[in-house]
Structures are given as C-alpha cells and as structure tokens.
Amino acid sequence: MRVDVAVVGGGPAGCFASEMLAKHGFEVAIIEEHAEVGNPACCAGVVGVDGLRELKIKPGKWVLGKLRRAVFYPPSSEPVEITRGKVEAFVIDRAAFDRELARKAANAGATLLLRTRCVGLKLGREPVVKLKGGSETEVRARLVIGADGPASIVAREAGLLKNARYLKCAQFETIAEVRADTTELYFGSSFAPGFFAWLTPTGDLCRVGLGTTRDDALRKLLSFVGTHPTASTKVQSGKILNLCAGLIPEPLTRKIYTDRVMLVGDAAGHVKPLTRGGVYVGLSCTQLAAEVAADALGSEPTAKKLRAYERAVMKRFGREFELGIRVRRVFERMTDEDLNSIFELLKREDVQALVLKHFDFDHHEKLLRALLIKAPRLLPSLELKRILKYSRYLLKP
Ligand SMILES: Cc1cc2nc3c(=O)[nH]c(=O)nc-3n(C[C@H](O)[C@H](O)[C@H](O)COP(=O)(O)OP(=O)(O)OC[C@H]3O[C@@H](n4cnc5c(N)ncnc54)[C@H](O)[C@@H]3O)c2cc1C
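When the sequence shown is numbered by the numbering used here, its final residue is 389 and no position is left out of the sequence of numbers.
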C-alpha cells in the first residue's frame, strides 16, 4: 500500500491528525493494532470543557459526567475543597470519544487498518512502515506520523527518544461513594509516591486510579484502596471492572520530528506536566502538527520543513512544559509533612481566592506564576528550611 501519510496509532491523536490531513486532500492510512478503536482504553477521562471548545470538539454522548469541584486529601490533614461552582471538566467515555474521532477521520477519507500492528520502520526518501496481523505487510508513505502512545515504536525506530521518563499508572472501575460532580485526589508518599490517587465518578461507576514515579502502580493501587483511611471506606468491596495499567510520558523527553517522521500525542510526550492529562494537550499539538505536515507535503517533508512543528509547540506550550516540569520535580520530592503544609496554605482564604482567580484547567502556567509571584507573602507560613530544600529543583533548568 502506498499513501501520502501513514499514521501509526488510532487513538485520539492519530485520528485527529488523520481527519485534518484527509480533509486537506492527502491519502491517509491509520494503522491500529487492536480490533476496534478505543478498546482497550486506560484513562480517567477527565477533559477540560474549555479545551474541548478550543479544539472545536462538541460534547457528545461520550460525556458521562460533569465536574464542578475537586477535593484534595493531604497525607494526614483535613481535606480541602476547591470549586468555582461552574463545570470545569467532563468525565468522558474514552472508547466512545476515540470512536467518534475515528469516524470523523474515516468520513474525511482516511483508511483505517485495524488488527494491524506496526513492527518496524525503514527510514529513507519513502519511509516503509512494517506491519503484522492485517491484510497489508507494509505501507509506504511520504510522511509517517507516530501516534502510537507513550511506548511509541515509531519514536524508537526513528531514534527520537532522548531520556524518556514515565509515570506508572493503574486504574479500575467500581462502585464508590463520591459526589457526581466531584473528583477526589489523594496525596501521600506511602500511597502514591511522587504523584496522587484519584476517585472520579462516571455516573453509575467510579474510576479509582493511581500514579507513581517509583513503585509498581497496580500493587500501590490495591494497597491504597485497601488501607487508605478515607478512600477505603468509600470504595465498596464489590466488582472490579476494566482494570488496566499504563504509562504517561513526561514532556520534553523526546524529539518530535525528523526527516519524514513526526510524533503526536503521548508518543511526542505532549501531556500536562503537573497532572499528566494528555487528551487536550495532545490534540492541541496535533493540530499544529497537521498544519505543518500539510504545508510540508506540498513539497518534501524533510526535517528542515518539519522543524516548524517543534517551534509551534514550544510557542504554545513551551513555557508551560518547562515551568510545570520544575514544579513537578519539587512536588515529587516532597515529604508528607511538607505536602501537609502546602495544603494548609490552600485552606487560607487569600490563597484560595488567588487559586480560583488564576486556575485554568488546561493551562497551569498562569496559576503557577501567580503563586510564585505571591510567594514572598506566602513564604512566612512555610519554614525557610523547607523552601531551601526544594528551591534547587525549581531553579534547575
Ligand atoms: C491511568 C491513566 C489515566 C489517565 N487519565 C487522563 C485524564 O483523566 N485526562 C487526560 O487528558 N489524560 C489522561 N491520561 C492520558 C491519556 O490517556 C493520553 O494522554 C491519551 O490517551 C493520549 O492519546 P494518544 O492518541 O496520543 O495515545 P493513545 O490513546 O495511547 O493511543 C495510541 C494508539 O496507538 C495504538 N498502537 C500502539 N502501538 C501500536 C503499534 N505498534 N501498531 C499499531 N498501533 C499501535 C494503540 O493501540 C492505541 O490505540 C491518562 C492515562 C492513564 C494511563
């Protein structure tokens, strides 16, 4: 098979890129290893309302719930609730969401090759994507887009992985006592070292998940559910559904283009550095990728032409990635005692007002900057030794 663009991966990023490029009139093939798009899915499915609006994706039947508030459970102090009273995010059915994007790509003219796994990539003037499982054994293309998730084979084969770092996650669905409009986030080094655990309602069920930078996520999740003083009372010991484990990459840990190859979505590390949500950031950067690709395909999509993609991503998200990674580095190293102090700060009225004023579900840089600017006023309530302990991680480039 010979096409203009071979897109490896039929997740949201791959389908979104395919739709845009097919609409430009290019011949596009989407290569997806599974029998259907969106299955299996491993995602809490929390996606910002404003982000979807910006992407011009109208909420569909895949919206399972609407989140108005978040409750943060510090390691060992009282929970803090944050809300502006309005719906900030949807909880989505990822399988149905992905299928809608795939349908749109197919309607625009893209060919979907299911049960077809990419097993290799031969680079050159006309890259060849090696396949197994489906009717084709290879696809030749003028441009290959790696949309094949965090462990991207395209990224590896094209030599684009620099120093990949991942967050390890596990999640299942069950019945739990959580308000329908509230997501609950649980912090503590013994439960979720380096990240947090979540209880996110989906209507009838609740997604119970956890991320960790250090340990086995599944083992940690089971221990969290069984022993956390609050979460264990909320999660009913009933059926466990859709148990899954997955990786989430860190931004800026891979190159995102080379001659005739681009990476999008998780394959490119395009996620929010603080919470690691990847749907909005991935799709927003995919839009940039498709614009650059469409332009480059007018002649030869060489690295020189595709460099505009990285420039566009850095212009839109660069400062956000860089600051977010620094703040994450501090957060990952915090002791439970220090986390408790941070959440104590969040209970103060003036700090809550600041957070509510600057909070943006999809863009955390604005809030982080506002907090850093106000830091001298907030610092007296944190001990100096704490500040010094972490400041080098914040300042390190
Ligand atoms: C537990 C967990 C919870 C999360 N929660 C959220 C959340 O609440 N909000 C949010 O925004 N993000 C969340 N994320 C992140 C989000 O799921 C990803 O950012 C998003 O799925 C990235 O989309 P993608 O299209 O880049 O990759 P993927 O969704 O991973 O899609 C990649 C596709 O490529 C296919 N593929 C892979 N390798 C091959 C191959 N060799 N050949 C053919 N096909 C291949 C896969 O089958 C898959 O269909 C979560 C992630 C995890 C693990």
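We put the CB at the ideal spot given by N, CA and C, even for glycine.
What you are looking at is a predicted structure, and each value in this text was computed from that prediction instead of being measured.
Report the start-end ranges of each alpha helix (DSSP H) in the stretch 56 to 134 that is 4 residues or longer and not cut off at the edges.
86 to 99, all fully within the stretch 56 to 134.
In this structure, how does DSSP classify GLY43 when only helix, strand and coil are distinguished?
In this structure, GLY43 counts as helix in the three-state DSSP scheme.
Return the residue from the list ARG361, VAL200, THR267, THR278 that minimises the CA-CA distance to ALA259.
Per the Cα distances, THR278.
According to the Cβ coordinates, are LEU360 and VAL322 closer than 7 Å?
In this structure, VAL322 does not lie closer than 7 Å to LEU360 by Cβ.
To which residues of the same chain is LEU235 closer than 6 Å at the C-beta, ignoring the five residues directly before and after it?
Result list for LEU235: PHE164, in chain order.
For ligand 3, any of its heavy atoms closer than 6 Å to the Cβ of GLU25?
Of the ligands this structure carries, namely ligand 1, none is ligand 3.
Following a CB-centred definition, is ARG325 positioned closer than 6 Å to any heavy atom of ligand 1?
Answer for ARG325: no, Cβ out of range of ligand 1.
Rounding to the nearest angstrom, what Cα-Cα distance links GLY290 and ALA5 in this structure?
If you take the alpha carbons of GLY290 and ALA5, they lie about 22 Å apart.
What are the partner residues of PRO193, as DSSP defines its beta bridges?
Paired residue(s): CYS198.
Are there 16 or more other CB atoms within 10 angstroms of the CB of GLY43, so buried, or fewer, so exposed?
Taking all protein chains shown into account, GLY43 has 16 or more neighbouring C-beta atoms within 10 Å of its C-beta and is therefore buried.
Closer than 6 Å: is that where the CB of PRO119 sits relative to any heavy atom of ligand 1?
Every heavy atom of ligand 1 is 6 Å or more from the Cβ of PRO119, so no.
Run through the stretch 152 to 221 for me and flag every whole alpha helix (DSSP H) of 4 or more residues, listed as ranges in chain order.
Runs found: 209 to 219.
Pick from LEU214, ARG206, GLY52: whose alpha carbon is nearest that of GLU92?
When only C-alpha atoms are compared, the closest one is GLY52.
State the beta-bridge partners of TYR249 as determined by DSSP.
Per DSSP, MET254.
Just to confirm, does GLN163 get its C-beta within under 6 Å of one of the non-hydrogen atoms of ligand 1?
At least one heavy atom of ligand 1 is nearer than 6 Å to the Cβ of GLN163, so yes.
Option in ALA36, TRP54, THR204 with minimal Cα separation from GLU176
Checked all of ALA36, TRP54, THR204; the closest Cα to GLU176 is ALA36.
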